[in-house]
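Peer 1:
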Amino acid sequence: SPAIAIRTGVMAYSCVPILIALAGKTNIITLLTGFSHEKLNVFHQWAAWI
């Protein structure tokens, strides 16, 4: 149904900024939090899975 498709698209589109923010080894979140790239990669993979 169109309503499900729209909600799925919105959910996928809302993950894009998170994925971009976590994409590189030296990113803004690493600089702000001090967490290593390896620790943040788990969140990147989780957001991509959703």
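48 is the number of the first residue of the sequence shown in the working numbering; add one for each residue after it. By construction, the Cβ of each residue, glycine as well, lies at the ideal position given by its N, Cα and C atoms.
From Leu66 to Gly56, what does the alpha carbon distance come to, in whole angstroms?
Peer 2: Distance between the alpha carbons of Leu66 and Gly56: 15 Å.
Peer 1: Taking 8 Å as the limit between beta carbons, can you name the residues of its chain near Ala95, skipping five residues before and five after?
Peer 2: These residues qualify, in order along the chain: Cys62, Leu66.
Peer 1: For Ile87 versus Ile75, is the C-beta distance shorter than 8 Å?
Peer 2: Looking at the sequence shown, residue 87 is not Ile but Leu. It is not a contact, given that the beta carbons lie outside the stated cut-off.
Peer 1: Output the boundary residues of the alpha helix (DSSP H) element that contains Ser61.
Peer 2: Looking at the DSSP string, the run of the alpha helix (DSSP H) that includes Ser61 is 49–68.
Peer 1: Between which two residues does the alpha helix (DSSP H) holding Ile76 run?
Peer 2: 75–80 is the extent of the alpha helix (DSSP H) around Ile76.
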